[in-house]
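In the numbering used here, the protein residues as written are 507 to 702.
(1) Hey, residue 703 and residue 557: beta-carbon distance below 8 Å or not?
(2) On the CB-based measure, 16 or more other CB atoms within 10 Å of its CB, does residue 666 come out buried or exposed?
(3) By a C-beta neighbour count over all protein chains shown, 10 Å radius and 16 as the cutoff for buried, is residue 676 buried or exposed?
(4) Among 541, 573, 659, 702, whose alpha-carbon lies nearest the alpha-carbon of residue 621?
(5) Around the Cβ of residue 690, are there at least 16 other Cβ atoms within 10 angstroms (buried) or fewer (exposed)?
(6) Taking all protein chains shown into account, decide if residue 574 is buried (16 or more other Cβ within 10 angstroms of its Cβ) or exposed.
(7) Less than 7 Å between C-beta atoms, sequence neighbours within five positions excluded: which residues of the same chain meet that for residue 625?
(8) Expressed to the nearest angstrom, what Euclidean distance is found between the alpha-carbon atoms of residue 668 and residue 661?
(9) Quick one: what's residue 601 bridged to in DSSP?
(10) Considering only DSSP beta bridges, list what residue 534 is partnered with.
(11) Would you kindly report the start and end of the unbroken beta strand (DSSP E) that includes residue 569?
(12) Return yes when the Cβ of residue 562 is within less than 8 Å of the Cβ of residue 601, no when it is not.
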């Protein structure tokens, strides 16, 4: 009887190991919400606002390590609050985001926990904003065309579904020279579906 239990345990361990070691390719779609906040070095504070994102992800890996590039459209919003007057101003823009993540995955039999990190490159598609007189034209028409940030996150895969939570730390300022440095930090949550 002990040999039967030992055989079953070895078979299960081998299955778990092979599930993580064999190279694989996955492709899926993803959508979720982002909660953005400007990190400013000026007289304005910033409140979190909810935006959206949606697009594609791919995952290539083996031996428990993977590379996960993504491509999605993201709508980012935040409120700027003047410390001097208390006036609230909305800032909104859309970007094409390209995270390039490296991570590891634990688990087997269709359920796995992932942790990942890596750079993200954003291409600003527009800078439509509604700004009050307190901020003047500090941001109006003065966003750079790209931004760089770093993502840290974790995810849970259950068969073809995935749930992700990430923090995105802005590394480059969004506004052009001549204005106070402004970086964008985000917290994102998302739901994905594997199609391949």
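Here a beta-carbon is modelled for each residue, glycine too, at the ideal position from N, C-alpha and C.
To lay it out plainly:
(1) For residue 703 there is no data in the structure shown, the boundaries of the chain being 507 and 702.
(2) Label assigned to residue 666: exposed.
(3) With 16 or more other Cβ atoms within 10 Å, it is buried.
(4) Between residue 621 and the set 541, 573, 659, 702, the nearest pair of CA atoms involves 659.
(5) Classification of residue 690: buried, given that the 10 Å Cβ count is 16 or more.
(6) In the assembly as shown, residue 574 is a buried residue. Its beta-carbon has 16 or more other beta-carbons within 10 Å.
(7) Excluding residues within five positions, the ones whose Cβ falls inside 7 Å are 606, 654, 656.
(8) One C-alpha to the other measures close to 7 Å.
(9) DSSP output for residue 601 lists 580, 630 as bridge partner(s).
(10) Its beta-bridge partners are 563, 700.
(11) Note, residue 569: premise wrong, no beta strand (DSSP E); not H, not E.
(12) Contact flag unset, no.
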